[in-house]
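S.K.: Under numbering that gives the first Met the number 0, the first residue of the sequence shown carries the number 0, and numbering increases by one thereafter.
Quick reminder that beta carbons are idealized off the backbone N, C-alpha and C, glycines included.
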Amino acid sequence: MNREQVLYSSPSFFFDVEDMLFHGTTRSCLLVEDDFRTCCCGNEDCSLCEIVESSFDIAHSGAKNSFSRFGAGVYTTSCSSKADDYVHNEADDAVFNVMLVCRVVSGRRFYPFVNMRELAEPPPGFHSVQGDPDHHRGLNYPETVVYDNDAIRPAYLIVYEN
0 MNREQVLYSS PSFFFDVEDM LFHGTTRSCL LVEDDFRTCC CGNEDCSLCE
50 IVESSFDIAH SGAKNSFSRF GAGVYTTSCS SKADDYVHNE ADDAVFNVML
100 VCRVVSGRRF YPFVNMRELA EPPPGFHSVQ GDPDHHRGLN YPETVVYDND
150 AIRPAYLIVY EN
């Protein structure tokens, strides 16, 4: 890393920071469309059910989105409308959208100035990458990226109309 790539880092006493952040993903089934659809579908192509049943898997990072500003990690945001951009229903008869609220342990955050698409983990001494629109010209909304499956867990489903 050179000086131009690093804006600042959070102080070391914030190692155990847990945030509640939004994550948008693809749903291939009709989970939560009515009172009878309350179980995960078991379809490997249904990212939502895979996450609900087994949590996150970094190995699937970027499978549905070709652009990863900060490399291969799990992307979350404090802005629900940003997460909504990544919510997709593959079932034509879906009435609702579903997004996740996740518990994210971000620890010591790295704040880059520029895109770092090659990242597979945060820089040494950091636990996550924080995209901050106040300091990164390409961002409109904040993003938190974790690169460890144990740093993120789904907590809640938000169901809302298309």
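Roughly how many whole angstroms lie between the Cα atoms of residue 157 and residue 97?
M.R.: Rounded to whole angstroms, residue 157 to residue 97 spans 6 Å at the Cα level.
S.K.: Measure the alpha-carbon distance for residue 141 versus residue 51 and round it to whole angstroms.
M.R.: 24 Å
S.K.: Near residue 146, what residues of its chain come up, given a Cβ to Cβ distance below 7 Å and the 5 sequence neighbours on each side ignored?
M.R.: Excluding sequence neighbours, residue 146 sits near 57, 72, 119, 120, 121.
S.K.: So, helix, strand or coil for residue 79, using DSSP?
M.R.: Three-state DSSP puts residue 79 in a helix.
S.K.: Shortest alpha-carbon distance to residue 59 belongs to which of 41, 24, 83?
M.R.: 24
S.K.: Quick check on residue 93: does DSSP put it in helix, strand or coil?
M.R.: Secondary structure of residue 93 (DSSP, three-state): coil.
S.K.: Hey, residue 210 and residue 143: beta-carbon distance below 8 Å or not?
M.R.: Because the chain is modelled from 0 through 161, residue 210 falls outside the range shown and cannot be assessed.
S.K.: Does the separation of the CB atoms of residue 27 and residue 42 fall below 8 Å?
M.R.: yes
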